[in-house]
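Participant: According to my numbering, the residues represented by the sequence shown are -3 to 115, in order.
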Amino acid sequence: MMRIIFTLLIAACGAYLLYQAGVYINFIMARRPDGLESLTSDIPFLLRFVGTLLLLLGALIGLAGKRWLSRLMVTLGTLCFLLLTGAIVAVGGDVSLWLDEAIWSGVLLVLTAGIYKFR
-3 MMRIIFTLLI
7 AACGAYLLYQ
17 AGVYINFIMA
27 RRPDGLESLT
37 SDIPFLLRFV
47 GTLLLLLGAL
57 IGLAGKRWLS
67 RLMVTLGTLC
77 FLLLTGAIVA
87 VGGDVSLWLD
97 EAIWSGVLLV
107 LTAGIYKFR
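(1) Taking all protein chains shown into account, decide if residue 70 is buried (16 or more other Cβ within 10 angstroms of its Cβ) or exposed.
(2) For residue 55, is the classification buried or exposed, using 16 other Cβ atoms within 10 angstroms of its Cβ as the cut-off for buried?
(3) Would you check if the distance between the CB atom of residue 10 and the CB atom of residue 49 is smaller than 9 angstroms?
(4) Please name the residue in 115, 4 and 113 whose C-alpha comes closest to that of residue 57.
(5) When the Cα of residue 16 is compared with those of 89, 66 and 44, which residue comes out closest?
(6) Are the beta-carbon atoms belonging to residue 110 and residue 28 less than 9 angstroms from one another?
In C-alpha cells form, the structure reads like this:
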C-alpha cells in the first residue's frame, strides 16, 4: 500500500513538472522566432524534460504492475534532476537558478527511496 502511495506521489510530481515544462515551451515558442531550435539547444531544459517524462511514465508503469521497469525509470528520472542540480551548482550558477531543482531533487530522492523500501 505504501509503495502505491509513493508511486502516486511521484506521478503527481511528474505531472506538475510536465505542466511547468509545457508552460516554458509555450513561453519560448511564443517569444522567439526560432523557438524549436532554442528549446533543442537548451541542455538544462532537455535534461529536466527527459527526467520529468521518465518520472511520469515510470510511475504510470508502476501503477500498472511492472515494478522493475518502474523503479528503473523513476531512478533515471531522479538522477536527471540530481545531475541537473549538480551541474548548475558546479558551474557557479546563482542560487536562484538551482534552488528549485535542488528542492525537487530532494523530494524525488525521498520518494524514490520510498518505492525501493516498501516492496
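By construction, the Cβ of each residue, glycine as well, lies at the ideal position given by its N, Cα and C atoms.
No experiment lies behind these values; they were computed from the predicted model shown.
Facilitator: In this structure, then:
(1) On the sequence shown, position 74 is the one that residue 70 refers to. With 16 or more Cβ atoms within 10 Å of its Cβ, residue 70 is classed as buried.
(2) Along the sequence shown, one-based indexing puts residue 55 at 59. By the 10 Å Cβ count, residue 55 comes out buried.
(3) The residue you call residue 10 lines up with position 14 of the sequence shown. The residue you call residue 49 lines up with position 53 of the sequence shown. Their beta carbons are under 9 angstroms apart, which means residue 10 touches residue 49 by this criterion.
(4) Looking up residue 57 in the sequence shown gives position 61. When each option's Cα is compared against that of residue 57, the closest is 4.
(5) As a working mapping, residue 16 is identified with position 20 in the sequence shown. For residue 16, the nearest C-alpha among the options comes from 44.
(6) As a working note, residue 110 is residue 114 in the sequence shown. As a working note, residue 28 is residue 32 in the sequence shown. The answer is no: Cβ separation not under 9 angstroms.
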